[in-house]
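The next block holds one structure in the form of structure tokens; read it before the comments.
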Ligand SMILES: [Zn+2]
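Numbering (the working numbering), first residue to last: 436 to 648.
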């Protein structure tokens with residue numbers, strides 16, 4: 436099976452992707468990783484990508500599609516790909532279907548881990564760190580652990596992090612960009628919206644249930 440995973444930054448997409456990949460022996464395809472690999476291996480296309488990025492430009496859809504085609508048609512990844520962070524727009528979505536169809540493959544499952552902005556803000560802004568053991572907690576979701584933390588509550592401090600605003604902005608940007616892609620897929624029978632505000636294990640179980648039917 437091939438599947439696509441959608442989820443805003445902070446929705447826990449990475450965690451779930453890792454779980455699915457391990458459990459079902461799938462290959463997690465991240466376009467970012469593919470680009471970095473090409474650069475690292477100094478391939479012809481990798482050198483081109485390096486140049487583009489160094490000039491501050493974006494890697495074109497054509498280049499990404501070319502690299503994806505290589506992975507999709509690779510027999511060792513056939514029908515066992517998790518698309519993580521792709522497609523990002525309708526053109527990519529349409530192109531992905533063409534590429535898969537031309538290789539007699541298809542998308543079998545699409546998951547959207549839905550989390551509200553309010554939840555994301557709580558997750559990001561609720562982070563506290565123990566100054567003694569450096570463990571990170573969340574004041575909202577780890578209430579009990581926080582109260583009985585072995586180092587003592589006095590060491591638990593909220594650190595002002597400049598990344599917080601960036602993370603929240605990234606959520607907004609992701610949702611805005613991804614909305615049309617979700618609309619493109621949402622009527623499909625294999626599109627599953629999952630409540631991403633649940634506990635990690637609850638989400639994992641739900642996904643597993645759908646995948647094993
Ligand atoms: Zn501690």
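Note that the Cβ used here is the ideal one computed from N, Cα and C, for glycine as well.
For the beta strand (DSSP E) containing residue i, name the first residue and the last one.
i           : result
residue 463 : 462-465
residue 442 : 438-442
residue 542 : Here residue 542 belongs to no beta strand (DSSP E), and DSSP marks it neither H nor E.
residue 572 : 571-573
residue 628 : 626-630
For residue i and residue j, what's the separation of their Cα atoms in angstroms?
i           : j           : result
residue 437 : residue 516 : 5 angstroms
residue 502 : residue 619 : 23 angstroms
residue 465 : residue 648 : 26 angstroms
residue 450 : residue 473 : 25 angstroms
residue 468 : residue 585 : 39 angstroms
residue 549 : residue 520 : 15 angstroms
residue 500 : residue 627 : 25 angstroms
residue 582 : residue 534 : 53 angstroms
residue 641 : residue 453 : 15 angstroms
residue 606 : residue 542 : 25 angstroms
Considering only C-alpha positions, which residue in the set the options is nearest to residue i?
i           : options            : result
residue 525 : 612, 633, 509, 556 : 612
residue 589 : 595, 565, 580, 451 : 565
residue 567 : 552, 556, 587      : 587
residue 460 : 514, 640, 571, 628 : 514
residue 571 : 457, 496, 545, 594 : 594
residue 636 : 561, 455, 578, 439 : 455
residue 649 : 457, 600, 523      : Because the chain here runs from 436 to 648, residue 649 falls outside it and cannot be looked at.
residue 445 : 646, 621, 487, 600 : 600
Which same chain residues, not among the five before or five after residue i, have their C-beta less than 7 angstroms away from its C-beta?
i           : result
residue 538 : 507, 508
residue 434 : Examination of residue 434 is not possible in this model, given that the chain is present from 436 through 648 alone.
residue 617 : 441, 547
residue 623 : 545
I'd like the span of the alpha helix (DSSP H) that includes residue i, first residue to last.
i           : result
residue 564 : No alpha helix (DSSP H) holds residue 564; the beta strand (DSSP E) holding it covers 562-565.
residue 594 : It is not in any alpha helix (DSSP H) - residue 594 carries neither H nor E in the DSSP assignment.
residue 495 : Looking at the DSSP string, residue 495 is not in any alpha helix (DSSP H), and its letter there is neither H nor E.
Spatial neighbours of residue i within its chain, please: CB distance less than 6 angstroms, with the 5 preceding and 5 following residues excluded, ordered by chain position.
i           : result
residue 481 : 473, 474
Can you pull the DSSP bridge partners for residue i?
i           : result
residue 518 : 439, 464
residue 549 : 630
Leaving out the 5 sequence neighbours to the left and right, which residues in its chain are closer than 8 angstroms to residue i when beta-carbon positions are compared?
i           : result
residue 603 : 552, 555, 556, 559
residue 512 : 462, 464, 506
residue 580 : 572
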